[in-house]
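Q: In the working numbering, the protein residues as written are 114 to 705.
Ideal placement from N, C-alpha and C gives every residue a C-beta, glycine not left out.
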């Protein structure tokens, strides 16, 4: 259990804005580096899918993941924390199994307004992937399924021309999950594999449900072994580099990297350095399996603190050395990029939503803040990087010293940490999931502002719903004034509304029509995503999935994150309706 940090512990860290030369260089590299799309995954997924035609999708996904980690190009720079999502410092991979039509579209491949370069030798590979998944991906299957259900509804008009809503779960992998990093730190992936094999031994595949569980557990084992092999590849690379290195200090560092990667994440971490490296391998692997915003470290300081405390007490690390290691970890967080389809997240790729929490309560209701919380907040203040996003789990037992440290970081202007009220979050989770107060106190904030139970939830979140557009359709009898198309039901011409209630009733009818359509489409897309592109590695680190023998989004997780679709512009609609009621119907200064 984490213990509260005292002012004397905080005083061990001297206030400074200085970064080491190495951290400065790496930070500068991340700032200046262009984002690039690595197409290596396209080759691996095409190979894996062609080799596994007819096999269960959970095994196909596991074999794609295995091929990527065993075959991707590796590099080691001067950061002692190794493991990158692609062969580029700031690179992202494409996921054609979701949508492939955009692969050769230069506008679609831009990130934050920055055009992403395409190597000329990759053009044929991009065409191959686009054509192969043109009928196999989640999006084309969704379009066919949805069109059968609603033959008179134009999906293109809904999403692109009129933008009433966007079916998020069909365009790219689902994000927003917090896996059990602490499980790997304390058991190692070999312990996870042993757990999966134990459950596998209990099953008899003579029943269909058992048959599916066998496939899932085999996929878990494949993916965990792949991550171990990935780490061993880094160990081999570091050893080769050490053998050729003439600088004694760098040689020792490379040898230590090799030793660390041979041990973690396969086995339990033995010190803080190994814990940081093990954590990063797992975090990066989750992103490699399904790169979408919101994969978050959660309450990092709680599961990492015992390793820091152990190393500090042994004299292996000082608080200042820990801060530099955390700064190097923040560099790795900021290197994470994501690409996307033309519809999603253009301009916000830097906001990858890797939410790291500080503060909070223990399950017994005591202040959970420990020394590592102070070091993380100080790290954010010094390095000023956009990732990870920092969230303070505020409660009235926090020490004045820690609040002051958080405010000093806010003063830098980086907008972090964000403050979240523990009492509100705990009450919400108890009400929604009927859990005990002890369970609810262990909540995390992930992605943007999602408060979730700790590593026991799926990552369902649905599409984005444009509420002001619905009001615009209402004022035009269901027709879109931008395109002239009849989009929604005919609920009356604006000039025929005699009272505000007439308008409000028409708006509600439009809203009910579009909400039902959006909800159905989102859930269809979500189910197709689960059927075509499941995530066995991520599931292995969500509570109950191995025991149940099910993927996290296939009833493997105990709870669901889904709150329905995400409405935008709700306040705009409230303001608009209020203005119409006042000026048109109450004061009669205007007509509709």
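1. Flag this pair as touching only if the segment 420 to 430 and the segment 366 to 378 have three or more C-beta atom pairs under 8 angstroms; answer yes or no.
2. By how many angstroms is the C-alpha of residue 619 removed from the C-alpha of residue 703?
3. Measure the C-alpha to C-alpha separation of residue 426 and residue 333 and round it to an integer number of angstroms.
4. Would you say residue 366 lies against chain E (beta-carbon separation less than 8 angstroms)?
5. Assuming residue 275 and residue 600 are in contact, meaning their beta carbons sit under 8 angstroms apart, how far apart are those beta carbons, in whole angstroms?
6. What is the rounded straight-line gap between the Cα of residue 474 and the Cα of residue 511?
7. Flag this pair as touching only if the segment 349 to 358 and the segment 308 to 317 have three or more C-beta atom pairs under 8 angstroms; answer yes or no.
8. Take residue 516 and list the residues in its own chain whose beta-carbon comes closer than 7 angstroms to its own, dropping the five residues that flank it on each side.
9. Comparing alpha-carbon positions, which option in 377, 284, 551 and 575 lies nearest residue 295?
10. Quick one: what does DSSP say residue 304 is sitting in, helix, strand or coil?
11. Would you list the one or two residues that DSSP bridges to residue 151?
12. In the DSSP assignment, find the unbroken beta strand (DSSP E) run with residue 330 in it and report its ends.
13. Buried or exposed for residue 330, please, with buried defined as at least 16 other CB atoms from any protein chain shown within 10 angstroms of its CB.
14. Taking the Cβ atom as the reference point for each residue, do residue 384 and residue 423 lie within a distance shorter than 8 angstroms?
15. By DSSP's criteria, residue 599 is part of a beta bridge. Which residues make up the other side?
16. Assuming residue 673 contacts residue 563 under a Cβ cut-off of 8 angstroms, what Cβ separation, rounded to an integer in Å, is found between them?
17. Measure the alpha-carbon distance for residue 593 versus residue 585 and round it to whole angstroms.
18. With residue 361 as the anchor, note down where its alpha helix (DSSP H) starts and where it stops.
19. Which residues in the same chain as residue 339 place their Cβ atom closer than 7 angstroms to its Cβ, once the five residues preceding and following it in sequence are excluded?
20. Let me confirm a value: residue 687 is counted as buried when at least 16 other C-beta atoms fall within 10 Å, else exposed. Which label applies?
21. Under 8 angstroms by Cβ, that's how I've got residue 253 and residue 576 pegged, so tell me the actual separation to the nearest angstrom.
22. So the beta strand (DSSP E) residue 504 belongs to, where does it begin and stop?
23. For a test of your reading of the model: does the CB of residue 167 fall under 7 angstroms from any non-hydrogen atom of the ligand SAH? Yes or no.
24. Could you tell me if residue 460 is buried or exposed, where buried requires 16 or more neighbouring beta carbons within 10 angstroms of its beta carbon?
25. On a Cα-Cα basis, can you pick out the residue from 502, 657 and 608 that is closest to residue 558?
26. Have a look at residue 327 and residue 316 and give me their C-alpha separation to the nearest angstrom.
27. Here's the rule I'm using: 16 or more other beta-carbon atoms within 10 Å means buried, otherwise exposed. How should residue 539 be labelled?
28. May I ask you to list the residues that DSSP assigns as paired with residue 472?
29. Beta-carbon separation of residue 445 and residue 393 under 8 angstroms?
30. Helix or strand or just coil, what does DSSP make of residue 688?
31. Using a threshold of 8 angstroms, state whether the C-beta atoms of residue 554 and residue 604 are closer than that.
32. Counting only runs of 4+ residues fully inside the segment 531 to 596, write out the alpha helix (DSSP H) ranges in chain order.
33. Buried or exposed for residue 257, please, with buried defined as at least 16 other CB atoms from any protein chain shown within 10 angstroms of its CB.
A: Reading it off the structure:
1. Three or more beta-carbon pairs separated by less than 8 angstroms are not found between the segment 420 to 430 and the segment 366 to 378, which leaves the two stretches without contact.
2. In the chain shown, residue 703 corresponds to position 590, counting from 1. In the chain shown, residue 619 corresponds to position 506, counting from 1. Cα-Cα distance, rounded: 19 angstroms.
3. Stepping through the chain shown from its first residue, residue 426 is reached at position 313. Stepping through the chain shown from its first residue, residue 333 is reached at position 220. Cα to Cα, the separation comes out at about 36 angstroms.
4. Among the chains in the structure shown there is no chain E, since it carries only a single protein chain.
5. In the chain shown, the residue the question calls residue 275 occupies position 162. In the chain shown, the residue the question calls residue 600 occupies position 487. The pair is a contact, with the Cβ atoms about 6 angstroms apart (cut-off 8 angstroms).
6. On the chain shown, residue 474 is found 361 positions in, with the first residue counted as 1. On the chain shown, residue 511 is found 398 positions in, with the first residue counted as 1. Whole-angstrom Cα-Cα distance: 9 angstroms.
7. no
8. The residue labelled residue 516 in the question sits at position 403 within the chain shown. Hits under 7 angstroms: none found.
9. Mapped onto the chain shown, residue 295 falls at position 182. Comparing Cα positions, the closest option is 377.
10. One-based indexing of the chain shown puts residue 304 at position 191. Helix.
11. Position 38 of the chain shown, counted from the start, is the residue given in the question as residue 151. The partner list for residue 151 (beta bridge, DSSP) reads 206.
12. Here the question's residue 330 lines up with position 217 in the chain shown. Premise fails: residue 330 lies in the alpha helix (DSSP H), 321 to 357, not in any beta strand (DSSP E).
13. Residue numbering aside, residue 330 sits at position 217 when the chain shown is read from its first letter. Residue 330 comes out buried.
14. Position 271 of the chain shown holds residue 384. Position 310 of the chain shown holds residue 423. Their beta carbons are under 8 angstroms apart, which means residue 384 touches residue 423 by this criterion.
15. Taking the first residue of the chain shown as 1, we reach residue 599 at position 486. Paired residue(s): 592.
16. As a position in the chain shown, residue 673 is number 560, starting the count at 1. As a position in the chain shown, residue 563 is number 450, starting the count at 1. With 8 angstroms as the limit, residue 673 and residue 563 do not qualify as a contact, their Cβ atoms being about 12 angstroms apart.
17. In the chain shown, counting from the first residue as 1, residue 593 sits at position 480. In the chain shown, counting from the first residue as 1, residue 585 sits at position 472. Using only the alpha carbons, I get a separation of about 8 angstroms.
18. Within the chain shown, the letter at position 248 stands for residue 361. Segment 361 to 376, the alpha helix (DSSP H) holding residue 361.
19. One-based indexing of the chain shown puts residue 339 at position 226. For residue 339, where only same-chain residues beyond five positions count, the Cβ hits under 7 angstroms are 178, 179, 182 and 183.
20. In the chain shown, counting from the first residue as 1, residue 687 sits at position 574. So residue 687 counts as exposed.
21. Translated into the one-based positions of the chain shown, residue 253 becomes position 140. Translated into the one-based positions of the chain shown, residue 576 becomes position 463. At roughly 17 angstroms, the Cβ-Cβ gap does not stay under 8 angstroms, so residue 253 and residue 576 are not in contact.
22. As a working mapping, residue 504 is identified with position 391 in the chain shown. That run of the beta strand (DSSP E) goes 502 to 507.
23. Among the ligands in the structure shown, none appear at all, so the ligand SAH cannot be discussed.
24. Walking along the chain shown from the start, residue 460 turns up at place 347. In this prediction, residue 460 scores a pLDDT of 40, lower than 50, which makes its location untrustworthy; the coordinate-derived value is nonetheless stated afterwards. Its Cβ having fewer than 16 others within 10 Å, residue 460 is exposed.
25. Within the chain shown, residue 558 is the residue found at index 445, counting from 1. Nearest of 502, 657 and 608 to residue 558, Cα basis: 502.
26. Translated into positions along the chain shown, residue 327 becomes position 214. Translated into positions along the chain shown, residue 316 becomes position 203. Residue 327 and residue 316: Cα-Cα distance of roughly 7 angstroms.
27. Counted from its first residue, the chain shown places residue 539 at position 426. Label assigned to residue 539: buried.
28. Here residue 472 is taken as the residue at index 359 of the chain shown, counted from 1. Note: residue 472 sits in a beta bridge opposite 506.
29. In the chain shown, counting from the first residue as 1, residue 445 sits at position 332. In the chain shown, counting from the first residue as 1, residue 393 sits at position 280. In contact: residue 445 and residue 393 (Cβ atoms closer than 8 angstroms).
30. Start at 1 with the first residue of the chain shown, and residue 688 comes out as number 575. DSSP places residue 688 in helix when its eight states are reduced to three.
31. Taking the first residue of the chain shown as 1, we reach residue 554 at position 441. Taking the first residue of the chain shown as 1, we reach residue 604 at position 491. It is not a contact, given that the beta carbons lie outside the stated cut-off.
32. Qualifying alpha helix (DSSP H) stretches, in chain order: 535 to 546, 550 to 553 and 580 to 587.
33. Along the chain shown, read from residue 1 onward, the residue named residue 257 stands at position 144. So residue 257 counts as exposed.
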